[in-house]
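K.L.:
Quick note on our numbering: the sequence shown kicks off at 320 and runs consecutively. What follows is a structure written as C-alpha cells; I'll ask about it next.
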Amino acid sequence: MTHETSIEFDSVVQRFRRIKDRKDTLREVFAKIRHWRNTYEDFEALKQISFRVSKGEMVGVIGRNGSGKSTILKITAGVYIPTSGSVAVRGTIAPLIELGAGFHHELTGRENILLNGLLLGLSKREVLKRESRIIEFAELGDFIDSPVKQYSSGMYMRLAFAVASEVDPDILIVDEILGVGDAGFRKKCFDRILNFKALGKTILFVSHDMNSISQYCDRAMLIHHGELVMTGDPDAVVARYQKLLVQVAHVTTVPSNVSGVV
Numbered sequence: 320m321t322h323e324t325s326i327e328f329d330s331v332v333q334r335f336r337r338i339k340d341r342k343d344t345l346r347e348v349f350a351k352i353r354h355w356r357n358t359y360e361d362f363e364a365l366k367q368i369s370f371r372v373s374k375g376e377m378v379g380v381i382g383r384n385g386s387g388k389s390t391i392l393k394i395t396a397g398v399y400i401p402t403s404g405s406v407a408v409r410g411t412i413a414p415l416i417e418l419g420a421g422f423h424h425e426l427t428g429r430e431n432i433l434l435n436g437l438l439l440g441l442s443k444r445e446v447l448k449r450e451s452r453i454i455e456f457a458e459l460g461d462f463i464d465s466p467v468k469q470y471s472s473g474m475y476m477r478l479a480f481a482v483a484s485e486v487d488p489d490i491l492i493v494d495e496i497l498g499v500g501d502a503g504f505r506k507k508c509f510d511r512i513l514n515f516k517a518l519g520k521t522i523l524f525v526s527h528d529m530n531s532i533s534q535y536c537d538r539a540m541l542i543h544h545g546e547l548v549m550t551g552d553p554d555a556v557v558a559r560y561q562k563l564l565v566q567v568a569h570v571t572t573v574p575s576n577v578s579g580v581v
C-alpha cells in the first residue's frame, strides 16, 4: 500500500434544509406566506468531518442509520457539493450507492449495461467489449433481455455491481447494497472487491455487517450524529460502535414503571 492520498475531507460540513411545518392546503400556504422562513430548518448531516484515505486502502464506514455515512459517500462520488470545507478525490470513481441508480426501468438489462457504462465514462466500444463478462458475472440468464422493471432488488444489485466493477475504477464506493442477494453471490462480490484491493484500488465501504468490516477492511471510521467519533483498527472501531449501541439503547429504553410516555 502506498501513502498517496485518494480521498481527503477537510472540515466538511453538509447542511440540508428540511420542512418542519407542512401546509396541507393552499389557503394555509397563502395565509402564512409572509412567514415562509419559519417553515423550514437547517440540519447538519455532517459536522466538520476530516479524514484521509490512502491509495489501496479499504476503509469501512459504520454508524447508525441517519448518522451521515451515505452522505459521505455521495459527497465523495460528487452527488453532493459540501456546504463548507473541501474535498479532494484523485482517480476515477465507480459508485455503488443506491440500487438501480442510473437504470432506465423500461430498458432491458442488456440496454442498461450500455447506458450505465456510458454514464460511468466508458465508450460504447469499451462497454460492448466488456458486455459478455458483465452478463456472465451478473448471473441473470434470460432476464438480461427483459426490462429491468421486472427485476427483483437482488437482480438489480447483481447487474449494478457487475457493471460498476467491470469499469475498472481507481476508487470503488460501496453502500449497503451487498446485503441484498444470496450468500454465494455476496462472496463472489467480495472476492472481486478483494481483487480490486490487491490491484491497489481504493475502496470506501459502508456496511452494517460488522464481520465484513473486521474481516476485509484495513481501517474503519465510526460516524455518529454527523461527527467522526473514531477512526483506526477495524476491531477497535467496531467494539466502540457496539458500546455506543448499548448506550443508545439504554437511554432510549422506557422504564417499565413509567406510563403514558409516547
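We treat Cβ as the ideally placed atom computed from N, Cα and C, and that holds for glycine. Quantities reported herein were computed from a predicted structural model and do not represent experimental measurements.
Helix, strand or coil: which one does DSSP assign to residue 441?
P.N.:
coil
K.L.:
Is residue 525 helix, strand or coil when you go by DSSP?
P.N.:
Note: residue 525 maps to strand in three-state DSSP.
K.L.:
Using 8 Å as the Cβ pair cut-off and three pairs as the minimum, do the region 377 to 385 and the region 437 to 454 touch?
P.N.:
The region 377 to 385, when compared against the region 437 to 454, does not touch it at the 8 Å Cβ threshold.
K.L.:
So residue 491 and residue 555 are in contact, right, with Cβ under 8 Å, and what is the actual spacing, rounded?
P.N.:
Their Cβ separation, rounded to whole angstroms, is 24 Å, which puts residue 491 and residue 555 out of contact at 8 Å.
K.L.:
In three-state DSSP terms, what is residue 422?
P.N.:
coil
K.L.:
Compare the C-alpha of residue 566 against each of 543, 483, 466 and name the closest.
P.N.:
543
K.L.:
From residue 388 to residue 545, what distance separates their C-alpha atoms?
P.N.:
8 Å
K.L.:
How big is the Cα-Cα spacing for residue 506 and residue 535?
P.N.:
Roughly 12 Å between the two C-alpha positions.
K.L.:
With DSSP as the reference, identify every bridge partner of residue 541, one or two as the case may be.
P.N.:
According to DSSP, residue 541 bridges with 381, 549.
K.L.:
Taking the alpha-carbon positions, what's the residue 465 to residue 474 distance?
P.N.:
12 Å
K.L.:
Where DSSP assigns a beta bridge to residue 362, which residues make up the other side?
P.N.:
335
K.L.:
Less than 6 Å between C-beta atoms, sequence neighbours within five positions excluded: which residues of the same chain meet that for residue 504?
P.N.:
Setting aside the 5 residues that flank it on each side, residue 504 has no residue in the same chain whose C-beta is closer than 6 Å to its C-beta.
K.L.:
Decide if the region 327 to 340 is in contact with the region 359 to 376; the criterion is three or more beta carbon pairs, one per stretch, under 8 Å apart.
P.N.:
Cβ pair count under 8 Å is three or more, so yes.
K.L.:
Let's test the definition: count the other Cβ atoms within 10 Å of the Cβ of residue 524 and tell me whether it reaches 16, buried, or not, exposed.
P.N.:
buried
K.L.:
What does residue 490 pair with, by DSSP beta-bridge criteria?
P.N.:
412, 521
K.L.:
For residue 482 versus residue 435, is the C-beta distance shorter than 9 Å?
P.N.:
yes
K.L.:
Give the straight-line distance between the Cα atoms of residue 493 and residue 359, rounded to the nearest whole angstrom.
P.N.:
32 Å
K.L.:
Would residue 428 be called buried (16 or more neighbouring beta carbons within 10 Å of its own) or exposed?
P.N.:
It counts as buried.
K.L.:
Taking the alpha helix (DSSP H) that residue 480 belongs to, which residues open and close that run?
P.N.:
472 to 485
K.L.:
Mark residue 400 as exposed unless 16 or more other C-beta atoms lie within 10 angstroms of its C-beta, in which case mark it buried.
P.N.:
Exposed: under 16 other Cβ atoms inside 10 Å.
K.L.:
Determine the direct distance from the alpha carbon of residue 495 to that of residue 445, and round the result to whole angstroms.
P.N.:
28 Å
K.L.:
What are the boundary residues of the alpha helix (DSSP H) that residue 392 is part of?
P.N.:
388 to 396
K.L.:
If we call anything under 9 Å between Cβ atoms a contact, is residue 450 one with residue 432?
P.N.:
yes
K.L.:
Round the Cβ separation of residue 391 and residue 560 to the nearest angstrom and send it over; I've been treating them as touching at under 8 Å.
P.N.:
About 16 Å; that fails the 8 Å criterion.
K.L.:
Measuring CB to CB, does residue 486 end up less than 9 Å from residue 440?
P.N.:
yes
K.L.:
To the nearest angstrom, report how far apart residue 336 and residue 424 are at their CA atoms.
P.N.:
Straight through space, the alpha carbons of residue 424 and residue 336 are spaced by roughly 30 Å.
K.L.:
Can you check which of these residues, 462, 510, 522, 422, is closest to residue 324 by C-alpha distance?
P.N.:
522
K.L.:
What does DSSP give as the partner residues of residue 263 in its beta bridges?
P.N.:
Since the first and last residues shown for the chain are 320 and 581, residue 263 lies out of range.
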